[in-house]
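Quick notes on the structure that follows.
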(Lines of atoms letter the chains of each structure in order from A and count residues from 1; the text may use other names and numbers.)
(Lines give C-alpha, C1' and ligand atoms only; values in the text may rest on other atoms or scores of the structure.)
Protein backbone atom coordinates (compact mmCIF):
# COMPACT_ATOMS: atom_id res chain seq x y z
CA UNK A 1 0.00 0.00 0.00
CA UNK A 2 0.93 3.63 -0.37
CA UNK A 3 0.19 6.04 2.51
CA UNK A 4 -2.73 7.37 0.46
CA UNK A 5 -4.29 3.94 -0.14
CA UNK A 6 -3.62 2.98 3.49
CA UNK A 7 -5.61 6.00 4.72
CA UNK A 8 -8.41 5.31 2.25
CA UNK A 9 -8.59 1.67 3.34
CA UNK A 10 -8.74 2.57 7.05
CA UNK A 11 -11.48 5.14 6.46
CA UNK A 12 -13.44 2.71 4.29
CA UNK A 13 -13.30 0.03 6.99
CA UNK A 14 -14.25 2.47 9.75
CA UNK A 15 -16.92 4.28 7.68
CA UNK A 16 -15.19 7.61 8.34
CA UNK A 17 -13.79 10.43 6.23
CA UNK A 18 -10.97 12.97 6.49
CA UNK A 19 -13.12 15.08 8.84
CA UNK A 20 -14.23 12.37 11.26
CA UNK A 21 -10.86 10.59 11.10
CA UNK A 22 -8.22 13.22 10.22
CA UNK A 23 -4.73 12.46 8.93
CA UNK A 24 -3.06 13.41 12.22
CA UNK A 25 -5.06 10.79 14.10
CA UNK A 26 -4.29 8.04 11.58
CA UNK A 27 -0.58 8.93 11.64
CA UNK A 28 -0.51 8.72 15.44
CA UNK A 29 -2.10 5.26 15.40
CA UNK A 30 0.22 4.17 12.57
CA UNK A 31 3.31 5.14 14.58
CA UNK A 32 2.18 3.13 17.61
CA UNK A 33 1.43 -0.01 15.60
CA UNK A 34 4.56 0.39 13.46
CA UNK A 35 6.78 0.25 16.54
CA UNK A 36 4.85 -2.80 17.74
CA UNK A 37 5.42 -4.54 14.40
CA UNK A 38 9.13 -3.67 14.43
CA UNK A 39 9.58 -5.24 17.87
CA UNK A 40 7.67 -8.36 16.84
CA UNK A 41 9.72 -8.67 13.63
CA UNK A 42 12.91 -8.49 15.69
CA UNK A 43 11.65 -11.20 18.05
CA UNK A 44 10.87 -13.44 15.07
CA UNK A 45 14.09 -12.91 13.10
CA UNK A 46 16.84 -10.52 14.13
CA UNK A 47 18.13 -10.24 10.55
CA UNK A 48 15.04 -8.82 8.83
CA UNK A 49 15.56 -5.21 9.96
CA UNK A 50 19.35 -5.19 9.68
CA UNK A 51 20.77 -2.28 7.72
CA UNK A 52 24.25 -0.68 7.59
CA UNK A 53 24.74 2.73 9.19
CA UNK A 54 27.81 4.77 8.20
CA UNK A 55 29.75 7.41 10.13
CA UNK A 56 32.85 9.28 9.00
CA UNK A 57 36.05 8.66 10.94
CA UNK A 58 37.71 11.77 12.38
CA UNK A 59 41.48 11.90 12.84
CA UNK A 60 42.37 11.09 16.44
CA UNK A 61 38.75 10.48 17.50
CA UNK A 62 37.96 7.12 19.08
CA UNK A 63 34.40 7.54 20.38
CA UNK A 64 31.41 7.87 18.03
CA UNK A 65 27.66 8.13 18.78
CA UNK A 66 25.51 5.10 18.07
CA UNK A 67 22.68 5.48 15.52
CA UNK A 68 19.70 7.23 17.13
CA UNK A 69 17.23 4.95 15.34
CA UNK A 70 18.93 1.77 16.57
CA UNK A 71 16.31 -0.84 17.51
CA UNK A 72 18.46 -3.51 19.15
CA UNK A 73 21.99 -4.78 19.61
CA UNK A 74 24.77 -4.34 17.06
CA UNK A 75 25.34 -7.24 14.68
CA UNK A 76 28.70 -6.27 13.16
CA UNK A 77 31.21 -3.40 13.20
CA UNK A 78 33.69 -2.61 10.42
CA UNK A 79 36.15 0.26 9.92
CA UNK A 80 38.07 1.51 6.91
CA UNK A 81 41.12 2.65 8.84
CA UNK A 82 43.43 2.65 5.81
CA UNK A 83 40.89 4.65 3.80
CA UNK A 84 40.36 1.81 1.31
CA UNK A 85 39.47 -1.55 2.84
CA UNK A 86 37.02 -2.36 5.63
CA UNK A 87 38.17 -4.68 8.40
CA UNK A 88 35.88 -6.33 10.93
CA UNK A 89 36.24 -5.34 14.57
CA UNK A 90 35.59 -7.80 17.38
CA UNK A 91 34.20 -6.59 20.68
CA UNK A 92 36.93 -5.93 23.22
CA UNK A 93 37.21 -8.28 26.18
CA UNK A 94 38.72 -5.86 28.69
CA UNK A 95 39.48 -8.68 31.12
CA UNK A 96 42.24 -9.84 28.76
CA UNK A 97 43.97 -6.45 28.69
CA UNK A 98 46.76 -6.45 31.25
CA UNK A 99 47.81 -2.81 30.90
CA UNK A 100 45.94 0.48 31.09
CA UNK A 101 44.44 1.86 27.86
CA UNK A 102 43.34 5.30 28.97
CA UNK A 103 45.54 7.47 26.76
CA UNK A 104 46.12 7.61 23.01
CA UNK A 105 49.72 6.46 23.38
CA UNK A 106 48.64 3.48 25.51
CA UNK A 107 45.99 2.50 22.95
CA UNK A 108 48.39 2.74 20.01
CA UNK A 109 50.95 0.72 21.95
CA UNK A 110 48.44 -2.06 22.62
CA UNK A 111 46.48 -2.20 19.33
CA UNK A 112 47.10 -1.81 15.59
CA UNK A 113 45.18 -1.34 12.35
CA UNK A 114 45.25 -5.04 11.53
CA UNK A 115 42.00 -7.04 11.50
CA UNK A 116 43.07 -9.33 14.34
CA UNK A 117 44.32 -6.52 16.58
CA UNK A 118 41.63 -3.82 16.30
CA UNK A 119 38.53 -3.86 18.52
CA UNK A 120 35.50 -1.90 19.68
CA UNK A 121 33.64 -1.47 22.96
CA UNK A 122 30.18 -0.12 23.68
CA UNK A 123 29.20 2.61 26.07
CA UNK A 124 25.58 3.50 26.75
CA UNK A 125 25.12 5.60 23.60
CA UNK A 126 28.45 5.38 21.83
CA UNK A 127 31.04 3.05 20.35
CA UNK A 128 34.79 3.27 21.09
CA UNK A 129 37.43 2.04 18.63
CA UNK A 130 40.68 0.49 19.85
CA UNK A 131 43.20 0.41 17.00
CA UNK A 132 46.30 2.08 15.66
CA UNK A 133 46.22 5.73 14.64
CA UNK A 134 42.84 6.87 13.28
CA UNK A 135 42.81 9.22 10.29
CA UNK A 136 39.86 11.02 8.71
CA UNK A 137 37.90 8.73 6.37
CA UNK A 138 34.49 9.57 4.89
CA UNK A 139 31.96 6.89 5.89
CA UNK A 140 34.82 4.94 7.42
CA UNK A 141 32.79 3.38 10.25
CA UNK A 142 30.08 0.87 9.28
CA UNK A 143 27.72 -0.51 11.91
CA UNK A 144 25.28 -3.26 10.92
CA UNK A 145 22.33 -2.85 13.24
CA UNK A 146 18.58 -3.36 13.52
CA UNK A 147 16.97 -0.02 12.81
CA UNK A 148 13.54 1.41 13.58
CA UNK A 149 11.55 1.84 10.34
CA UNK A 150 10.97 5.48 9.44
CA UNK A 151 7.52 6.70 10.58
CA UNK A 152 5.08 7.76 7.87
CA UNK A 153 4.58 11.53 7.90
CA UNK A 154 2.43 12.25 4.83
CA UNK A 155 -0.76 10.35 4.00
CA UNK A 156 -0.97 11.93 0.56
CA UNK A 157 2.27 10.23 -0.53
CA UNK A 158 2.00 7.69 -3.36
CA UNK A 159 5.22 5.71 -2.86
CA UNK A 160 4.76 2.14 -1.66
CA UNK A 161 5.49 1.86 2.06
CA UNK A 162 7.48 -1.33 1.51
CA UNK A 163 10.19 0.67 -0.26
CA UNK A 164 13.19 1.70 1.85
CA UNK A 165 13.05 5.50 2.29
CA UNK A 166 16.86 5.67 2.18
CA UNK A 167 19.96 3.49 2.27
CA UNK A 168 19.92 3.58 6.08
CA UNK A 169 16.22 3.10 6.87
CA UNK A 170 13.68 0.35 6.21
CA UNK A 171 10.19 0.42 4.84
CA UNK A 172 7.48 -1.88 6.20
CA UNK A 173 7.20 -5.15 4.21
CA UNK A 174 4.09 -5.35 2.03
CA UNK A 175 3.04 -8.58 3.78
CA UNK A 176 2.34 -6.52 6.92
CA UNK A 177 0.37 -3.62 5.44
CA UNK A 178 -3.08 -5.12 5.96
CA UNK A 179 -2.32 -6.24 9.51
CA UNK A 180 -0.84 -2.78 10.18
CA UNK A 181 -4.08 -1.17 8.97
CA UNK A 182 -6.06 -3.57 11.14
CA UNK A 183 -4.02 -2.46 14.15
CA UNK A 184 -4.79 1.18 13.35
CA UNK A 185 -8.51 0.37 13.17
CA UNK A 186 -8.31 -1.38 16.55
CA UNK A 187 -6.59 1.71 18.03
CA UNK A 188 -9.32 3.95 16.62
CA UNK A 189 -12.15 1.77 17.92
CA UNK A 190 -10.55 1.63 21.36
CA UNK A 191 -10.10 5.41 21.50
CA UNK A 192 -13.83 6.10 21.64
CA UNK A 193 -15.50 7.08 24.90
CA UNK A 194 -17.54 3.93 24.42
CA UNK A 195 -15.14 1.56 22.60
CA UNK A 196 -16.54 0.06 19.40
CA UNK A 197 -16.66 -3.77 19.42
CA UNK A 198 -14.16 -5.52 17.17
CA UNK A 199 -15.30 -7.69 14.30
CA UNK A 200 -14.19 -11.30 13.80
CA UNK A 201 -11.17 -10.37 11.69
CA UNK A 202 -9.98 -7.77 14.18
CA UNK A 203 -10.32 -10.29 17.01
CA UNK A 204 -7.82 -12.54 15.20
CA UNK A 205 -5.27 -9.69 14.93
CA UNK A 206 -2.61 -11.24 17.18
CA UNK A 207 -2.70 -14.64 15.50
CA UNK A 208 -2.75 -13.18 11.99
CA UNK A 209 0.12 -10.84 12.88
CA UNK A 210 2.29 -13.82 13.89
CA UNK A 211 1.45 -15.60 10.63
CA UNK A 212 2.26 -12.48 8.58
CA UNK A 213 5.60 -11.93 10.34
CA UNK A 214 6.57 -15.59 9.98
CA UNK A 215 6.00 -15.25 6.23
CA UNK A 216 8.95 -12.82 6.13
CA UNK A 217 11.46 -15.39 7.34
CA UNK A 218 13.76 -17.12 4.85
CA UNK A 219 11.93 -20.31 4.02
CA UNK A 220 13.35 -23.62 5.21
CA UNK A 221 11.26 -26.52 3.96
CA UNK A 222 12.43 -28.67 6.89
CA UNK A 223 11.04 -26.21 9.42
CA UNK A 224 7.47 -26.45 10.69
CA UNK A 225 5.74 -23.30 11.95
CA UNK A 226 2.59 -23.77 13.99
CA UNK A 227 0.30 -21.09 15.36
CA UNK A 228 -1.88 -21.84 18.38
CA UNK A 229 -5.30 -20.33 17.68
CA UNK A 230 -7.33 -19.67 20.83
CA UNK A 231 -10.91 -20.79 21.14
CA UNK A 232 -13.76 -18.35 20.72
CA UNK A 233 -14.08 -17.94 24.49
CA UNK A 234 -10.42 -16.94 24.80
CA UNK A 235 -10.36 -14.16 22.20
CA UNK A 236 -8.73 -11.47 24.40
CA UNK A 237 -11.84 -10.35 26.27
CA UNK A 238 -13.79 -9.64 23.07
CA UNK A 239 -11.03 -7.38 21.82
CA UNK A 240 -10.67 -5.20 24.91
CA UNK A 241 -7.09 -6.45 25.45
CA UNK A 242 -5.90 -5.87 21.88
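In my numbering, the protein residues as written are -11 to 230. Note that the Cβ used here is the ideal one computed from N, Cα and C, for glycine as well.
Excluding sequence positions up to five before and after residue 21, its CB lies within less than 7 angstroms of the CB of 168, 171, 172 and 175, all in the same chain and listed in chain order.
For residue 103, the closest of 111, 197 and 74 by C-alpha to C-alpha distance is 74. In this structure, the alpha-carbon of residue -4 lies about 14 angstroms from that of residue 149. In the pairwise beta carbon analysis, the region 127 to 145 is classified as touching the region 65 to 72: at least three pairs are separated by under 8 angstroms. Residue 78 is bridged by DSSP to 107. Going by beta carbons, residue 134 and residue 24 fall outside the 8 angstroms limit. Around the beta-carbon of residue 49, fewer than 16 other beta-carbon atoms lie within 10 Å, marking it exposed.
Judged by beta-carbon spacing, residue 143 lies beyond the 8 angstroms limit of residue 28, meaning their Cβ atoms are not closer than that value.
Around the beta carbon of residue 0, fewer than 16 other beta carbons lie within 10 angstroms, which makes this residue exposed. The residues -9 and 18, in chain order, have a CB closer than 6 angstroms to that of residue 140 in the same chain once the five nearest residues on each side in sequence are set aside. CA-to-CA, the gap between residue 146 and residue -7 works out to about 8 angstroms. Three or more beta-carbon pairs drawn from the region 196 to 204 and the region 154 to 169 are found closer than 8 angstroms, and the two stretches are therefore classed as touching. If you look at residue 202, you'll find it isn't in any beta strand (DSSP E); it sits in the alpha helix (DSSP H) that goes 193 to 202. By the criterion of a C-beta distance shorter than 6 angstroms, residue 153 is surrounded in its chain by 138, once the five residues flanking it on both sides are discounted.
Assignment of residue 69 by DSSP, reduced to helix, strand and coil, places it in the coil class. In the three-state scheme derived from DSSP, where H, G and I count as helix and E and B as strand, residue 64 is classed as strand.
When DSSP reads this structure, residue 51 sits in a beta bridge with 116. Within the region 109 to 189, the alpha helix (DSSP H) runs of at least 4 residues that lie entirely inside it are, in chain order, 165 to 178. Shown here, residue 22 sits in a helix according to DSSP, grouped into three states.
Secondary structure remark: continuous beta strand (DSSP E) runs of at least 3 residues inside the region -8 to 46, in chain order: 38 to 45.
Taking a C-beta distance under 8 angstroms as the contact criterion, residue 89 and residue 52 do not qualify as a contact pair.
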